[in-house]
Amino acid sequence: MDFPSFYLDHLAGGRLIIGLIASLHVLINHPLAVGAYPLLTWMEWWAHKNNRPDVDHLAYRITFVVFIVTTTVGAMTGVGIWLSTSIFAPFAIGSLLRVFFWGWFLEWLVFISEVALILWWFLSWKKADKPEKKRKHIKIGVALSIMSWLTMAVIVAVLGFMMKPGEWNQTRAFWDAMTNPLYLPQLGFRTFFAVMTGAVFLWFFSFFFTKKKGALNPDPRRLREWIIYRLSHVVLISLLGTYAFGTWYWNAVPETMKANSSVALLTQEFMSWHRQFQTLLGWTLIAFLMVGVGGLDRSSMIPRWALLIPAVLSIWLIGHFERAREFMRKPWVIGEYMYSNGVHKDELAFLQSEGLLKHATYVKHREITESNKVECGQDIFMLACSRCHSTTGLNGVIEKLTAMYGPDKPWDSAGMQLFIKGMHQTRTFMPPFPGTDVEAGALVAYLQQLRTHPQTLPGAQSAGIVIAPEALKPSKIADSQPTL
Amino acid sequence: MPALIATIPIPRDLPLPLPVPEWLLVVCLVVFFLVHILFVNLMVGGSVFVVVAEWMGLKNKRWDALAHEIAQTVTVNKSLAVVMGIGPLLCINLLYTIQWYSANALTGHAWLLIIPLVIVAFLLTYLHKYTWDTWAKGRKKTLHQAIGITAMLLFFFIPVIFLANVNLMLFPSEWEKVRGFFSSLCIGNVLPRYLHFMAASIAMTGLFLAGYFGRRNADISHLDDFTCPELRRLFYKVCAYVTLGQFAFGPLVLFTLPSDGITTQVYVIIFSGAAVGLLTLWLLFGELRRDDTRIGSRYWPIAALFSIVVIGIGSGRHVYREAALAGHKAAIKNRTERYAAALADFNKNLAAAPAPAGQSAEQLFMNCAVCHAPNVKLVGPPLTEIAQIYAGNPEGIVTWAKAPGKKRPELPQMPPFNHLGEASLRKIAELMLEKGATSK
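Chains as they are written, first to last, in my numbering: chain A, -9 to 474; chain B, 9 to 448.
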């Protein structure tokens, strides 16, 4: 209401973009930073102890890839989550930053040391040519592993808080939010998941790096067997950890959010995919188990291509987990505090009584008349619906209504208005309509017009903003005059 | 002035207090930003030096080796530029929540493009660095140079997006005119600020490299035909002449600034900074006149003086920003408080009103009436049909409503109503059967 609405109509607002950036970030951060650094450090240590330069060289080559990816795509998608939410949900990110300032500040300090350590670790690897230098180098790797885990530990607090704010609502205290009930299970789940997928990604890279003989890699087959055997232990143990913490996490997710989760898994119309989802989940576990158990005993029998399967499946798993987690949060963007369209819980009744248009900043009209009804409805759509729905594109509002009211008969405006008012009861993952009855009527008028004349709704980034004067009683204007 | 209210947006601030005292955030913003911009300068300036030196290396190999050496610093500085940018971004988000996010949204397309553009620029700098020895001849060398130039051009463009935002946030009265990123460039003085920034990037990188190649344990054995003093003199020279040019760009920035935030204080800070700048320049040209054995002995005093100049510019900017936005911030505060008071009043009355009794069956039924009409098929089947199916079996409706399945292929699946509770569902079910039986 108080920020110009950035909007990409065909992409359901821009949510998809945040989702893609965030998933890409997690996909890089979990396996490649949190999971891989400790495993690579361990490889370096093992190679040093057992005098195996081929293992050291393999660790170095994998680190090169991890270094390039984490310091480009990894770092920028992390910042990118922030940059994209800044324009798409400024009310949410702005509030989170005020509550979580110290968390984010701490995160920043840890992140600075993480970046400094990865630069130092990778760029000094080949210079560590003497045993004492090598020992020091391994210590840098240990510090890096700790720091990259810590960045995740801090951020998970923020994510947990958005799902279940715990005591925060009463006290507004930072530590309350930090110790919210979902924190430990989620952190444990992500840690084991990161190590598991990290090990799998190491396998994935080994697919490429154990192909040819080289000066530092005289026996690629032996090296591949080594890494399969060793990492299969890691995969199996962290698979158990992921399962244990995943169960705890699931049980701690609030009941109401759980009710959403059957929808969360693949959104309503994809409910029929549910069985496919379970099948795929089963195959993922089997793939991890096969390579893991096979690696324990028969590492020579595992073909090279088999190492690719768990990596591909884990990409899919990570993306899916994040999507379900994000959806389960609905209708809140900050649990029990702010709805996903930016309306605060405590102002809902006020807005329903006074009206959205009266208190919004960027609207064309304050009063709804017969002639400006559709324009008002459009502004209301932008304020109340556009953070999740497009007009005619992805998750389009017309598409949803067509599924309800049918494609070939006229839609009953009175019925639609009734539906909008009670929508929160029938679609619990949608926030309550935050306006008056007249405003619901204007929204229906806009939707009816949109149905007959489908038209893309441009966002503030291309159409700019319109500012109607604040609705005030004439007598009040004098004393509320801003001094400009 | 009612006309003013109509054109200057006065939004409400977020109803949460700042997490730390404002003055602390201001200090953090100014200091962290300068650290960030230093590394950005070294990244942008470094990419220019690399491109120029590589091009000179086509005639004389020694420049090519130098370009490769500088390229090693760019990839490190770029990582630090990103990570050091987070702190100031955090501070500006908190201090100027409304103005900053509004500018971001108004330039939204470009703002989002920052992410892929920076990723591509970074990947290209790595590619450029790690293919240096393998793409060294003929066509491959041309491709190699093209990669370096592309990365440099991206580094030239990305700062424009940030500058457009930093600039646009200062002038809320102009927001209504903005139609996308390019139109925002016409507001304020983006171009002079950009020139000032680019010149600073070259000058700062010059100073950095003079120190980098002149440091005590610098190993330049692989840079044939260069000596430490020679490199030091070269980069000192670049720094000195470009800084001299800043005495043209600086006033240009100052005098093209919209008058909104110009105060005596701003002038005093900026001109004091400029005076220290002159002193720095005098020292720099003094260094250039020294012989090879002594050049560089004043490096740290010069660097310290530069820091003072830069802190002066940074503080001057902040004072300007505060003055330009003082009226807007006050108006926002006023509106936020009025809204909070009205809201508190409303919620007080709401709490004082007698609690509504449990909903009647008719009220509860409104949840269903949206889809189920008495005798026509609306979204779901009509009540008459339901009454037939569940005659004498209200429990059946309750069970169904708690976890609906999908029976009719032509209709959308019904959402679950578990959240209404067993008792309410039972009431609804009985009413439904009653209505269904009577509406025939």
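Every residue, glycine too, gets a C-beta built ideally from N, C-alpha and C.
Remember, predicted model here, so these are calculated numbers, not experimental data.
Cβ of residue i within 9 Å of any chain A Cβ
i	result
Asn101/B	yes
Lys443/B	no
Trp63/B	no
Pro452/B	Outside the displayed range of chain B (9 to 448) lies residue 452/B, so it cannot be described from this structure.
Arg20/B	yes
Thr271/B	no
Trp143/B	no
Trp183/B	yes
Val168/B	no
Phe189/B	yes
His230/B	no
Trp108/B	yes
Met374/B	yes
Gly429/B	no
Ile123/B	yes
Nearest residue (CA-CA) to residue i, options the options
i	options	result
Leu199/B	Phe164/B, Phe130/B, Glu182/B	Phe164/B
Gln451/A	Pro25/B, Leu121/B, Gly54/B	Leu121/B
Ser455/B	Thr288/B, Tyr104/B, Lys435/B, His326/B	Given a span of 9 to 448 for chain B in the structure shown, any question on residue 455/B remains unanswerable.
Ala75/B	Ala256/B, Val91/B, Ser55/B	Ser55/B
His136/B	Val276/B, Asp72/B, Gln273/B, Gly366/B	Asp72/B
Leu22/B	Val333/A, Phe409/A, Glu104/A	Val333/A
Ile405/B	Ile228/B, His204/B, Pro389/B	Pro389/B
Leu46/B	Pro266/B, Val318/B, Ile106/B	Val318/B
Ile108/A	Glu122/A, Val24/A, Glu97/A	Val24/A
His15/A	Arg88/A, Lys126/A, Phe(-4)/A, Thr141/A	Thr141/A
His152/B	Cys376/B, Gly400/B, Val58/B, Pro167/B	Val58/B
Ala248/B	Gly214/B, Ala113/B, Ile321/B, Asn401/B	Gly214/B
Gly178/A	Ala234/A, Val190/A, Phe197/A	Ala234/A
Ser403/A	Gly320/B, Val378/B, Val250/B	Val378/B
Ala445/B	Pro237/B, Ala381/B, Arg297/B, Trp140/B	Ala381/B
Cross-strand partners of residue i (DSSP beta bridge)
i	result
Tyr307/B	Answer by DSSP bridge pairing: none, since Tyr307/B is not bridged.
Asn207/A	Gly204/A
His334/A	Met328/A
Lys386/A	One detail in the question is off: residue 386/A reads as Gly in this sequence, not Lys. According to DSSP, Gly386/A bridges with Ser380/A.
Contact with chain B by residue i, beta-carbon distance below 9 Å
i	result
Glu389/A	no
Phe(-4)/A	yes
Asp(-8)/A	yes
Arg212/A	no
Glu344/A	yes
Met394/A	yes
Val105/A	yes
Leu29/A	no
Tyr329/A	no
Gly449/A	yes
Assigned secondary structure, residue i (DSSP; H/G/I helix, E/B strand, else coil)
i	result
Tyr329/A	strand
Val56/B	helix
Leu(-2)/A	strand
Gly454/A	coil
Gln160/A	The predicted position of Gln160/A is uncertain, since its pLDDT is 48 and thus under 50; no value can be drawn from it.
Val387/B	coil
Trp322/A	strand
Gly429/B	coil
Val168/B	helix
Tyr27/A	helix
Ala207/B	helix
Ile94/B	helix
Cys99/B	helix
Arg224/B	coil
Val274/B	helix
Pro448/A	coil
Ile436/B	helix
Ala296/A	helix
Residues, ordered as in the chain, of the stretch 84 to 95 of chain A that lie near chain E by beta-carbon distance below 9 Å: Protein chains in the displayed structure are A and B, and chain E is not among them.
Completely contained beta strand (DSSP E) runs for the stretch 346 to 430 of chain B, where each covers 3 or more residues: none
Inside the stretch 16 to 68 of chain B only - alpha helix (DSSP H) runs reaching at least 4 residues: 30 to 64
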